[in-house]
Amino acid sequence: MLGWPGLDCQEPCAYACRFIAPEVPTPVDNFNFTTTMRGYSREEVDEAIAQLRRREHEALQGRDEARREAEKQRDRVLQLERELGESDSPTYAGLGTKLAGTLATAEEQAARLVSDAKREADAILAEAQQDALKVREDANDYAERVTSEADLSARRIASEAQSTADQLVENAQQEAELTRLNQEREIDSVKDQITAELREKRHATDREIAALRASTNEDLARARQTHEQELADALAALTEQQRVFEAERLDITRQLAEDREKFEREIVERRADLERDMGERRTEQEQALGLASTKFDRETNDAREALNAEVARRRSELETELAAARAQHERDITSAREAAEREVAELRATTEIELAELRGSEDRDLTSTRQRVSAELAELRERTLRELAEARSGQEVELTAKRNEFEQQLVSAGRNAEAAAKRMIDEATEQLADLNQRSEQVRRESGRVAADARKRAQETIQAAERQAANLLENSNRQARERARELEDRARNETAQAERRLVEIRDERDQIAGYLEQMRTVFQQLNLPAPAFTEPSAATASSDAEESDATASEAIEADASDATTRNGVAAQDDADEQLVSDDEGAVDGGAAEERAKA
């Protein structure tokens with residue numbers, strides 16, 4: 001048994017390790033996030049976890065597919081080894097049968113390789129198409145998320161998600177590079193082994209092929225003509241395929257332009273909505289400010305009217321009290337005058353009574369006491385007049401004193417009332433001035449608050465407009481970058497599909513040439529040739545067109561495509577080497593025949 005590098009299997013397998021099973025990813029089903037009021041958004045965290053789970057599921061599916069492909073390639077290699085083991089010791093007697101079996105096996109192997117290559121190409125293109133749709137959906141989701149989420153936490157989460165995605169992509173690229181290197185080493189080893197085995201078989205058949213060189217020239221000419229016709233058909237099919245691809249590329253470009261216009265319209269609509277919301281908020285703030293100012297003016301006017309009413313009421317009360325005091329003083333003076341007049345009248349009445357009594361006694365003693373009575377009367381008159389004068393003077397002094405006292409009390413009460421009224425008026429005036437000053441301060445404060453509110457509202461509007469402009473610019477830039485990236489990937493994938501198509505056609509031509517040469521060899525040896533089935537040009541062209549049409553919509557290429565191309569290229573190199581050696585051997589045999597002749 002031969003040693004196979006990078007393999008742990010007991011049997012040698014040429015293609016078993018074309019796909020290296022990726023490491024089992026870490027399960028992501030055990031995340032338990034605690035709900036808090038701060039931190040990341042729950043929806044975004046759930047979305048990130050779901051995306052990680054999807055990637056884990058895809059990685060597991062890729063691992064299972066790689067294992068199944070490895071088993072399939074291992075079975076194929078074992079079958080090839082069994083077939084090679086049967087032809088290790090060929091004899092001259094059984095050369096025709098074994099050669100026919102070998103050619104049939106080679107044809108089956110070539111057909112299998114072509115069908116496998118087509119299946120792999122179809123699978124790769126289908127997967128690339130799905131990835132393209134997924135990338136397009138992700139791009140649309142990303143544009144909407146960038147437009148709708150403008151805060152710092154969203155950008156931080158997006159940055160972390162991008163970092164995680166970049167890390168995953170980098171890990172996938174490293175694994176793909178490692179897989180590619182291992183496959184290249186294994187393919188080189190298998191190619192060397194197959195080349196050695198084919199060289200041994202070629203040396204065993206050189207002598208027989210040399211004898212049939214002359215008869216194969218005509219067949220080769222016919223085959224060349226047939227191949228030229230097939231090449232012309234293939235070129236025509238390629239031209240048609242390029243036309244179809246150009247039409248599909250124009251459709252994709254038009255679709256991208258429509259998506260870009262739709263996205264720009266959505267941005268314009270959202271910007272109009274934002275401006276309308278800001279205008280409504282500005283109007284509401286101005287209305288609230290106007291209502292507050294009107295309410296303050298109304299309260300100030302109510303307070304001023306209440307104060308004026310209070311001052312008027314207090315002035316009316318003071319005037320009423322002053323009038324009552326003046327009336328009371330007049331009443332007191334009138335009552336005192338009436339009392340004094342009553343006393344004078346009583347004294348006059350008493351005096352008249354006494355005078356009447358004295359006049360009666362004097363009349364009775366008129367004669368005897370006329371002189372004495374006259375003297376006493378005179379004395380009494382004088383004394384009465386003197387007492388009356390004294391009483392009148394005392395009453396007048398008392399009345400004057402009381403009048404002066406009442407007048408002083410009235411003046412003092414008036415002065416006190418005037419002072420109290422003046423003091424109250426001054427206090428009311430001071431309160432009114434204080435209220436006016438406070439109202440002026442409140443008016444200035446309200447003006448300053450309104451100015452600050454307008455300024456803050458203007459700054460908020462400007463900041464929102466700047467933020468919206470930045471978001472629009474970032475969204476447009478990211479959309480343009482995403483569109484350019486999608487276009488570049490589409491062009492790259494198209495170029496890869498075209499190169500793959502050319503390689504498949506070259507491989508088909510080489511296999512067809514090889515089979516034609518083997519058929520010619522059988523005809524020259526007069527052996528029954530097996531029924532070789534060449535893939536028709538129409539079938540190959542239609543398959544190529546389908547593959548190319550599918551590739552025009554693909555965005556991301558799978559790493560296994562390069563591996564498949566490397567394996568097919570190695571097989572093509574071995575077949576080309578074998579054909580060139582066969583042609584050299586035939587030329588040598590023809591030269592020997594000419595020398596013998």
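Number 244 in the UniProt record's numbering belongs to position 244 of the sequence shown; there are no gaps in the numbering. Every residue gets a Cβ at the ideal spot worked out from N, C-alpha and C, and that includes glycine.
By the C-beta density criterion, alanine 490 is buried, having at least 16 other C-beta atoms within 10 angstroms. Straight through space, the alpha carbons of glutamate 319 and arginine 331 are spaced by roughly 18 Å. In the pairwise beta carbon analysis, the stretch 250-262 is classified as not touching the stretch 500-512: fewer than three pairs are separated by under 8 Å. Note on alanine 196: under 16 other CB atoms within 10 angstroms of its CB, so exposed under the neighbour-count rule. A check of alpha carbon separations from leucine 168 across Glu352, Glu58 and Gln524 identifies Glu58 as the nearest.
The residue from Gly101, Leu52, Arg63 and Phe296 with its alpha-carbon nearest to that of methionine 518 is Gly101. Alanine 292 counts as exposed, since fewer than 16 other beta carbons sit within 10 angstroms of its beta carbon. Approximately 7 Å separates the beta-carbon atoms of glutamine 523 and aspartate 219; this is inside 8 Å, confirming the contact. Under a 10 Å Cβ-count criterion, arginine 448 is classified as exposed, with fewer than 16 other Cβ atoms of the shown protein chains found around its own Cβ. With contacts defined as CB atoms closer than 8 Å, phenylalanine 263 and threonine 494 fail to qualify as a contacting pair.
A distance of 8 Å or more separates the beta carbons of leucine 515 and leucine 256. Distance from the CA atom of aspartate 188 to the CA atom of arginine 53, rounded to whole angstroms, is 37 Å. Buried is the label assigned to lysine 191, since at least 16 other Cβ atoms lie within 10 Å of its Cβ. The three-state reading of DSSP puts serine 41 in coil, since its state is none of H, G, I, E or B. The C-alpha of glutamate 184 lies about 14 Å from the C-alpha of glutamate 175. Residue Val311 holds the alpha-carbon nearest to the alpha-carbon of arginine 423 among Lys134, Val311 and Glu305. Excluding the 5 residues flanking it on each side, alanine 223 has same chain C-beta neighbours closer than 6 Å at Glu516, in chain order.
Runs of alpha helix (DSSP H) with 4 or more residues, each lying fully within the stretch 311-343, are absent. By the neighbour-count criterion, in which 16 or more other beta carbons inside 10 Å mark a residue as buried, isoleucine 353 falls on the exposed side.
Only exposed fits valine 268, as fewer than 16 other CB atoms lie within 10 angstroms of its CB. Glutamine 285 and alanine 303 have their alpha carbons spaced roughly 27 Å apart.
With 16 or more neighbouring CB atoms inside 10 Å of its own CB, leucine 113 falls in the buried class. Straight-line measurement puts the Cα of glutamine 496 at about 15 Å from the Cα of leucine 238. Under a 10 Å Cβ-count criterion, alanine 323 is classified as exposed, with fewer than 16 other Cβ atoms of the shown protein chains found around its own Cβ. In its own chain, leaving out the 5 sequence neighbours on each side, no residue places its CB closer than 6 Å to the CB of arginine 477.
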